[in-house]
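Numbering (our numbering), first residue to last: 30 to 372.
Note that CB positions come from ideal geometry on N, CA and C, so glycine has one too.
Below is one structure, written out as structure tokens; comments come after it.
Laid out in structure tokens, this is it:
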């Protein structure tokens with residue numbers, strides 16, 4: 030998992046993987062009786078405990094088998110800050126049967142409600158989303174796993190037509206810095222006319238308490254996890270007071286994604302973004318009469334100079350590289366406001 034977007038999508042994929050395992054494993058009329066077998070099958074693949082507390086309902090005698098389950102729990106790495114990596118109130122999944130038989134997952138419909146996903150690393154940088162071993166460390170490469178596809182199995186990621194996540198939360202915790210980022214999801218909807226077409230996305234929620242809304246399009250979700258050189262992305266984003274719109278291509282072939290494109294902003298408030306990213310360590314303008322940034326000059330109640338002495342706490346930016354042409358009608362940074370800024 031090379032960037033935070035993969036972590037958010039992992040909320041859906043992890044729950045979907047459990048449901049897909051159930052569809053493949055059991056063709057009986059009462060899935061609920063097979064909860065332990067389903068959990069054991071997932072544990073063999075991930076080395077993590079899985080628990081399904083609620084009822085499992087299914088429709089398998091069709092070309093689009095579906096399943097729904099309630100009360101899903103997926104265990105965290107043994108060093109994690111809490112026992113559960115994922116809990117979900119309800120998961121619903123419908124897949125295309127014929128591609129599934131051939132080893133390809135094509136999701137016709139996916140619904141996830143009331144989920145709580147924790148993505149975290151320890152002080153050594155070990156990630157809890159690596160399932161090779163129970164402690165979250167990937168096992169070494171098997172013989173033949175040299176990139177030619179021979180001798181080792183590869184993870185299978187789905188193509189998606191209709192995905193929805195509601196009333197959920199994703200938390201990212203950095204064990205080295207202690208920085209914690211929380212994304213509360215009111216609703217995320219991702220829909221595509223066909224399995225080969227781009228995915229249209231709409232989202233509403235809050236990032237560390239700051240309201241966020243987005244709409245746009247992207248390539249198929251499966252492409253995020255492959256080494257794609259020109260992955261298309263276009264989005265309009267509302268982050269608190271900031272409004273941004275951009276489009277470009279992402280090169281996913283390297284260690285970090287590289288995004289190349291253009292971005293326009295009516296207003297980009299870096300103070301507000303910094304405060305949200307750093308849980309209040311940023312320096313947003315105070316409220317009240319003095320709350321409006323002083324255009325073009327430093328405020329009188331702070332030391333001279335445009336930028337603060339400390340680094341702006343944009344740790345999330347270390348998760349990708351970018352080469353962007355940026356045009357901003359107004360930029361707010363370090364309690365100063367500037368108009369018609371380009372970069």
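(message) In the DSSP output, which residue or residues are listed as bridge partners for residue 380?
(response) Residue 380 cannot be examined here, being either before or after the span of the chain that is shown, 30 to 372.
(message) Quick check on the DSSP output: the alpha helix (DSSP H) that includes residue 301 runs from which residue to which?
(response) 299–306
(message) Pull the bridge partners of residue 233 from the DSSP assignment, please.
(response) 216, 242
(message) Could you tell me the alpha carbon to alpha carbon distance between residue 70 and residue 305, rounded to whole angstroms?
(response) 40 Å
(message) Please state the DSSP three-state secondary structure of residue 31.
(response) Reliability of the predicted coordinates at residue 31 is poor, the pLDDT of 39 falling under 50, and no value is obtained from them.
(message) Distance check for residue 272 and residue 364, CA to CA, integer angstroms please.
(response) 18 Å
(request) Tell me, please, which residues DSSP counts as bridged to residue 93. (result) For residue 93, which the question treats as bridged, DSSP gives no partner whatsoever.
(message) Measuring only the C-alpha atoms, how far is residue 265 from residue 65?
(response) 44 Å
(message) Could you check whether residue 303 and residue 290 sit closer than 9 Å to each other, using their CB atoms as the reference points?
(response) no
(message) On the criterion of 16 or more Cβ atoms from any shown chain inside 10 Å, does residue 190 qualify as buried, or is it exposed?
(response) buried
(request) Could you pull out every residue in the same chain whose Cβ sits closer than 6 Å to the Cβ of residue 232, ignoring the five residues on either side in sequence? (result) 217, 243
(message) Our contact map puts residue 150 next to residue 144 with C-beta atoms below 8 Å; I'd like the distance itself, whole angstroms only.
(response) Contact flag wrong, Cβ pair sits at about 20 Å.
(request) Report all residues from its chain with a CB closer than 6 Å to the CB of residue 362; omit the five preceding and five following residues, and keep chain order. (result) 299
(message) Using only CA atoms, which one of 241, 210, 252, 204 lies nearest to residue 226?
(response) 252
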